[in-house]
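A short worksheet on the structure shown next.
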């Protein structure tokens, strides 16, 4: 057994600040992967950068909530608000998707459109994950699994953070870490089993769920200390700085500190000292 780690930046393509952090985090730091939002304003710049970074595993960051659709709003009326954007009401949307065959057809059509936009970039599809981890919705997961296999994705993120190991790293918010870990454990275990049965690589654990927007150098360093053998993922939302428009990140997100965490010399040294192998979903699939 060995400690193998995927380090992923979400929201690639959302802004030039994100894209710059991804490139520098990969070239000068520990970043191995990035998840591309194919409908965002800086996607072309992201693709251009990715083309000169052949070892960066670029995956599709499927967006069904809090974002911009690929299809015209008239084709997906159950998924969008009055402005033609994806809703932020995750619970109401989830109920609609679970109960409505029409909504499910719209979800499939929208996700297929996003897979097609990714395919059009010419980049190898390294993995699939979701904005706000919305593939934890059981209906959405079953639908996207079919598309992931069809489009040749090597792997898919399982967004489960082991609560006790997470607490051991951070020493805070034990109740929150336990609640999130226990609540999602059975669902994520079922997701992993389904994905493995279809031949996809899955991570065994993901760190960053309970510290979203706050994954500074010290936090990343502490998670490196508690990595067990097997395949883990650390993900964050790095950017070189905040921006005002369009679609800025939440102001409380420490995105510049998340960027600095990726290039922090102490984190690069710790990866080497602990014998951690940096990898991607695609590299893991090729190892089989």
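Numbering (this note's numbering), first residue to last: 44 to 331.
We put the beta carbon where it would ideally sit given N, CA and C, even for glycine.
- When secondary structure is reduced to three states using DSSP, residue 216 falls in the coil class, being assigned neither helix nor strand.
- Going by DSSP, residue 178 is part of no beta strand (DSSP E) at all; its letter is neither H nor E.
- The alpha-carbon separation between residue 52 and residue 284 amounts to approximately 14 Å.
- In the structure shown, residue 172 falls within a strand segment according to DSSP collapsed to helix, strand and coil.
- For residue 74, DSSP assigns no beta-bridge partner whatsoever.
- By the criterion of at least three beta-carbon pairs nearer than 8 Å, the region 58-67 is in contact with the region 79-89.
- Cβ-Cβ distances below 6 Å link residue 257 to 297 in the same chain, with the five nearest sequence neighbours on each side left out; the list follows chain order.
- Excluding residues up to 5 positions away in sequence, 121 lie with their Cβ nearer than 8 Å to the Cβ of residue 145 in the same chain.
- Residue 136: member of the alpha helix (DSSP H) spanning 133-142, first to last residue.
- Residue pairing for residue 251: DSSP places it in no beta bridge.
- In the assembly as shown, residue 91 is an exposed residue. Its beta-carbon has fewer than 16 other beta-carbons within 10 Å.
- Taking the C-beta atoms as reference points, residue 307 is found no nearer than 7 Å to residue 235.
- Per DSSP, the continuous alpha helix (DSSP H) segment holding residue 324 begins and ends at 324-330.
- Nearest to residue 44 by C-alpha distance, out of 319, 324, 323, is 319.
- A distance of 7 Å or more separates the beta carbons of residue 149 and residue 81.
- Residue state for residue 229 is assigned as helix, using DSSP reduced to three classes.
- For residue 168, the CB contacts under 7 Å within the same chain, skipping 5 residues up- and downstream, are 102, 103, 161, 194, 195, 196 in chain order.
- The C-beta distance from residue 313 to residue 264 rounds to 6 Å, short enough to fall under 8 Å.
- In this structure, the CA atom of residue 272 is about 36 Å from the CA atom of residue 110.
- Boundaries for residue 269: no beta strand (DSSP E) harbours it, and the DSSP string shows neither H nor E there.
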